[in-house]
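Residue numbers (the working numbering): 16 to 183.
Glycine included, C-beta positions come from ideal geometry on N, C-alpha and C.
Down below is the structure, laid out as structure tokens.
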């Protein structure tokens, strides 16, 4: 079975752009072909205070992995790139890498380890802006709205802007 997954990557520690690029390369090697990448976007931290802004990017991959297999590989990539989930799993903290599955095709899943679509996707401008760059017309399978419509009604007022510090 082949599926398409929409994945958000974020970093606010270290060489943010290099870490995200490394993660994208690892995803391409281990999970499936990266078929689209958004620009990088820089944003204020969401849900906690930090002096370090986040860099975010959304990618679309074509994968033979099912959603749970994909999640397991993405979590292992996070660990390899320095993410420590052991001590901060229930709170938001600065991190070298964060990788979230936003959508897996139009799957709806609410299991202990995986929620699809991502349960806070519609609340976060830093997610919706890069997502709309590469998939504005994709319809959220729960809300029946396109990503562009979700962005238009998003109440998140944190700063999100195109990142000009690195050319991909």
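Going by C-alpha positions, residue 73 is about 24 Å away from residue 127. Contact check for residue 153 and residue 69: beta-carbon distance about 22 Å, past the 8 Å limit, so the pair fails to qualify. Check the Cα spacing between residue 23 and each of 30, 139 and 83: the tightest is with 139.
Three or more beta-carbon pairs separated by less than 8 Å link the stretch 53-62 to the stretch 170-180, which places the two stretches in contact. Distance from residue 119 to residue 82 at the Cβ level is roughly 4 Å; contact confirmed, criterion being Cβ atoms closer than 8 Å.
When DSSP reads this structure, residue 73 sits in a beta bridge with 23. With 16 or more other CB atoms across the displayed protein chains lying within 10 angstroms of its CB, residue 39 is buried. In summary, residue 16 is exposed, with fewer than 16 beta-carbon neighbours lying within 10 Å of its beta-carbon over all protein chains present.
As summarised for the stretch 82-159, the continuous beta strand (DSSP E) elements at least 3 residues long and confined to that stretch are 113-119, given in chain order. Here the alpha carbon of residue 51 sits roughly 18 Å from the alpha carbon of residue 155.
Here residue 39 carries a helix assignment [DSSP, helix/strand/coil].
The C-alpha of residue 134 is placed about 13 Å away from the C-alpha of residue 165. Checking the DSSP bridge columns, you'll see residue 173 has no partner listed.
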